[in-house]
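Residue numbers (mature numbering (1 follows the signal peptide of the UniProt record, and there is no 0)): -27 to -1, 1 to 105.
Notes for the one structure printed next.
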């Protein structure tokens, strides 16, 4: 019963704002790479388009690497024509499957946006798809 009352009292103090949390319990602040003393690392996006026939789904293979050994986490936006497909990225090569397309050569732009709490800069790259 003592633990229950103590927990209830602590919850009341937290919600009233009389006590604050520190350490791991706090939410991580976002990183502003434009700030004066913040160190942010450049990223390099590598994108490779596929060569497929008209009855196959084209794919774009994307790898993002940081200038340091930091884990790369964030979002990938693959833009082709007037459509954009957004996928998460978590430090591994990602294959993005696109919808069926008519025969032709297409240019796709892949943009990497880092997670808000990472010390990484955004990057982008273009790739070419060939549908026969």
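Glycine included, C-beta positions come from ideal geometry on N, C-alpha and C.
All figures in this text were calculated on a predicted structure; none of them were measured in a lab.
Endpoints, the alpha helix (DSSP H) within which residue i is located
i	result
residue -14	-26 to -12
Residue i (DSSP reduced to helix, strand or coil)
i	result
residue 4	coil
residue 78	strand
residue 45	coil
Enclosing beta strand (DSSP E) for residue i [first to last residue]
i	result
residue 100	96 to 104
residue 61	56 to 63
Rounded distance between the beta-carbons of residue j and residue i, thought under 8 Å
i	j	result
residue 46	residue 64	6 Å
residue 30	residue -16	That belief does not hold up - the Cβ atoms of residue 30 and residue -16 are roughly 56 Å apart, past 8 Å.
Same chain only: Cβ atoms within 7 Å of residue i, ignoring 5 sequence neighbours per side
i	result
residue 82	52, 97 and 99
residue 61	48
Any chain D beta carbon closer than 8 Å to residue i
i	result
residue 90	Considering every chain present, this structure includes no chain D. It has just one protein chain.
Sequence-distant residues of the same chain with beta carbon closer than 8 Å to residue i, five excluded per side
i	result
residue 43	14, 91, 92 and 93
**Message:** Across the region 8 to 18 and the region 68 to 79, are there enough close Cβ pairs to call them in contact, namely three or more that are closer than 8 Å?
**Reply:** no
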